[in-house]
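The working numbering puts the first residue of the sequence shown at 3, with every later residue one more than the last.
In what follows, a single structure is set out as structure tokens and then discussed.
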Amino acid sequence: MKENVTLVNAVGEALNVSINISKFDNIDRLIHANENISFIDASTIIDQLYNVVSSFYTKVRQLNTYNIITIVVSDHGYDIEKS
């Protein structure tokens, strides 16, 4: 997680705000847990992804309730530079 801390700190510096890190890797874990097996049917993966995304939405909505700015980044295939 060291790379994520560095990335998030760089984002905080660029925005001139303090940063607290909250890692939400449920989608990543769901995909990796099932990448070598087939889901029974499309509705199964849709249901599981819906549950994971709903959980994420609830977490972000709660932060928003307390006027906490939330920045969502992905560590798969995206590079974010301070500039």
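Every residue gets a Cβ at the ideal spot worked out from N, C-alpha and C, and that includes glycine.
Keep in mind it's a predicted model, so treat the numbers as computed, not measured.
Of the candidates Y52, S20, I21 and I73, Y52 places its Cα closest to the Cα of I33. In the DSSP annotation of this structure, the continuous segment of the alpha helix (DSSP H) that includes D30 starts and ends at N28 to N36.
Judged by DSSP secondary structure, T67 falls within the alpha helix (DSSP H) whose first and last residues are A44 to T67. Counting C-beta atoms within 10 angstroms of its own C-beta, V74 has fewer than 16 neighbours from the protein chains shown and is therefore classed as exposed. Judged by their CB atoms, T72 and N66 are nearer to each other than the 8 Å cut-off.
A straight line joining the alpha-carbon of S20 with that of F26 spans about 19 Å. By the CB criterion at 8 Å, N28 and S57 fall inside the cutoff. Of the candidates R31, T46, S45 and S24, the residue whose Cα lies closest to the Cα of Q64 is S24.
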